[in-house]
Amino acid sequence: MFYQLYEMNHAVMAPFRATADAMRIAYRNPLNPLSHTVVGRTMAAGLEVFERVTRRYGKPEFGLATTTVNGQTVAVREEVVWQKPFCNLIHFHRDLPAGTAPGPRILVVAPMSGHYATLLRGTVEALMQNADVYITDWLDARMVPVTDGGFDLDDYIDYVIEMVRHLGTDTHLVAVCQPSVPVLAAVAVMEAKGDPLAPASMTLMGGPIDTRINPTAVNELAQNKPLDWFRDNVIMNVPWPQPGFMRAVYPGFLQLSGFMSMNLDRHDRTQGLLHAPRQE
Numbered sequence: 363m364f365y366q367l368y369e370m371n372h373a374v375m376a377p378f379r380a381t382a383d384a385m386r387i388a389y390r391n392p393l394n395p396l397s398h399t400v401v402g403r404t405m406a407a408g409l410e411v412f413e414r415v416t417r418r419y420g421k422p423e424f425g426l427a428t429t430t431v432n433g434q435t436v437a438v439r440e441e442v443v444w445q446k447p448f449c450n451l452i453h454f455h456r457d458l459p460a461g462t463a464p465g466p467r468i469l470v471v472a473p474m475s476g477h478y479a480t481l482l483r484g485t486v487e488a489l490m491q492n493a494d495v496y497i498t499d500w501l502d503a504r505m506v507p508v509t510d511g512g513f514d515l516d517d518y519i520d521y522v523i524e525m526v527r528h529l530g531t532d533t534h535l536v537a538v539c540q541p542s543v544p545v546l547a548a549v550a551v552m553e554a555k556g557d558p559l560a561p562a563s564m565t566l567m568g569g570p571i572d573t574r575i576n577p578t579a580v581n582e583l584a585q586n587k588p589l590d591w592f593r594d595n596v597i598m599n600v601p602w603p604q605p606g607f608m609r610a611v612y613p614g615f616l617q618l619s620g621f622m623s624m625n626l627d628r629h630d631r632t633q634g635l636l637h638a639p640r641q642e
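The opening residue of the sequence shown carries number 363 in my numbering; numbering runs sequentially from there.
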């Protein structure tokens, strides 16, 4: 029910957001005398904050049109080379000069924790100067119809195995944060079966492999609450009219709220720095 209320609130705010945006444009119009006053600028700033806070942001672009290889600038284009209902595998194809080695093949497994794979834009940008880079582009579960089936930990592991097999031999795996556990499991399964396409290397960055070591507030919450508590409090059905209507999901806005509440003091200090007066 909470997810339905969240979506309803967003829909209700739509006309107010449109009005605020129109008023912001009016207060910033140089033909408006108020735009040259403190009151006008304050009104425009306040309306812009309201519009931005209530806006639903789409998926950002990677925007990596070029890279540098051996001191030369080369063009880059994104290609979807493998896809299933919950994930697209993106290849950053570089137009390498003749005779230039492509470098190691790296599959970056991005988190699917309430944000997009573009969060790792900087990682991809740095890697593809010396490597042939692929990245998992996870789809928003609310956009996947229930007729396409479910997606659980077993499916996650199977997806990783299928992608590694699709890329072939000498593939290097890099898992960032949340996917560390399924990537470790996928590699273990492939090695146990003697799969000749098992990855050449595996790098786990910031992943919760052994949560007994240096437990965080998240680990302690998981230990103190039974599984049924999480099922009852954080798993919700996607509301209508989303394509994934009635799919059981862990909503991204809960993940974001959790991230911010865990480190609220840091967010508060950051906002204070952002809004501190400039020193000339």
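Note that beta-carbon positions come from the ideal geometry of N, C-alpha and C, so glycine has one too.
(request) Only counting runs of 3 or more residues, tell me where the beta strand (DSSP E) segments fall wholly within the region 550-574, in order along the chain. (result) 563-567
(request) Compare the C-alpha of E410 against each of I387, K446, D594 and name the closest. (result) For this step, residue 410 is matched to residue 48 along the sequence shown. The option with the nearest alpha carbon to E410 is I387.
(request) Give the secondary structure of E413 by DSSP, where H, G and I count as helix, E and B as strand, and everything else as coil. (result) Taking the first residue of the sequence shown as 1, we reach residue 413 at position 51. If DSSP states are grouped into helix, strand and coil, E413 belongs with the helices.
(message) If the criterion is Cβ atoms closer than 8 angstroms, does the pair W444 and M525 meet it?
(response) One-based indexing of the sequence shown puts residue 444 at position 82. One-based indexing of the sequence shown puts residue 525 at position 163. Yes; because the gap between Cβ atoms is below 8 angstroms, this pair is in contact.
(request) Note the first and the last residue of the continuous beta strand (DSSP E) segment covering V442. (result) Position 80 of the sequence shown, counting from 1, holds the residue named residue 442. Unbroken beta strand (DSSP E) run through V442: 434-446.
(message) Considering only the alpha carbon of each residue, which of V545, R403, L529 lies closest to D520?
(response) Mapped onto the sequence shown, residue 520 falls at position 158. When only C-alpha atoms are compared, the closest one is V545.
(message) Does the region 372-380 come into contact with the region 411-418, if we say contact requires no fewer than three beta-carbon pairs (one atom in each stretch) closer than 8 angstroms?
(response) yes
(request) May I have the straight-line CA-CA distance separating L616 from Y478, to the nearest angstrom? (result) In the sequence shown, residue 616 corresponds to position 254, counting from 1. In the sequence shown, residue 478 corresponds to position 116, counting from 1. Looking at the two C-alpha atoms, the distance is approximately 15 angstroms.
(message) So, does the region 419-439 touch the region 478-496, judging by three or more C-beta pairs under 8 angstroms?
(response) yes
(request) Quick one: give me the first and last residue of the beta strand (DSSP E) that R467 is part of. (result) Translated into positions along the sequence shown, residue 467 becomes position 105. Start and end: 467-471.
(message) Tell me which residues share the same chain as P464 and place their Cβ nearer than 7 angstroms to its Cβ, disregarding the 5 neighbours each side in the sequence.
(response) Residue numbering aside, residue 464 sits at position 102 when the sequence shown is read from its first letter. L458, D494, listed in sequence order.
(request) Pick helix, strand or coil for H528, following the three-state DSSP scheme. (result) Locating residue 528 in the sequence shown gives position 166, counting from the first residue. Reduced to three states, the DSSP call for H528 is helix.
(request) Output yes or no for whether 8 angstroms exceeds the beta carbon distance between N450 and V438. (result) Residue 450 sits at position 88 when you count from the first residue of the sequence shown. Residue 438 sits at position 76 when you count from the first residue of the sequence shown. Contact flag unset, no.
(request) Starting from N391, follow the beta strand (DSSP E) in both directions and report where the run begins and ends. (result) For the purposes of this step, residue 391 is taken as the residue at position 29 of the sequence shown. From DSSP, N391 is part of no beta strand (DSSP E); its letter is neither H nor E.
(message) If you reduce the DSSP assignment to three classes, tell me which class I519 lands in.
(response) Mapped onto the sequence shown, residue 519 falls at position 157. Helix.
(message) Taking 8 angstroms as the threshold (C-beta atoms), are N599 and Y368 in contact?
(response) Indexing the sequence shown from 1 puts residue 368 at position 6. Indexing the sequence shown from 1 puts residue 599 at position 237. Not closer than 8 angstroms, so no.
(message) Using only the alpha-carbon positions, how far apart do A537 and N576 sit?
(response) Reading the sequence shown from its first residue, position 175 is the one you call residue 537. Reading the sequence shown from its first residue, position 214 is the one you call residue 576. Between A537 and N576, the C-alpha separation is close to 20 angstroms.
(request) Measure the Cβ-Cβ separation of I523 and V543 and say whether it is below 8 angstroms. (result) The residue labelled residue 523 in the question sits at position 161 within the sequence shown. The residue labelled residue 543 in the question sits at position 181 within the sequence shown. No.
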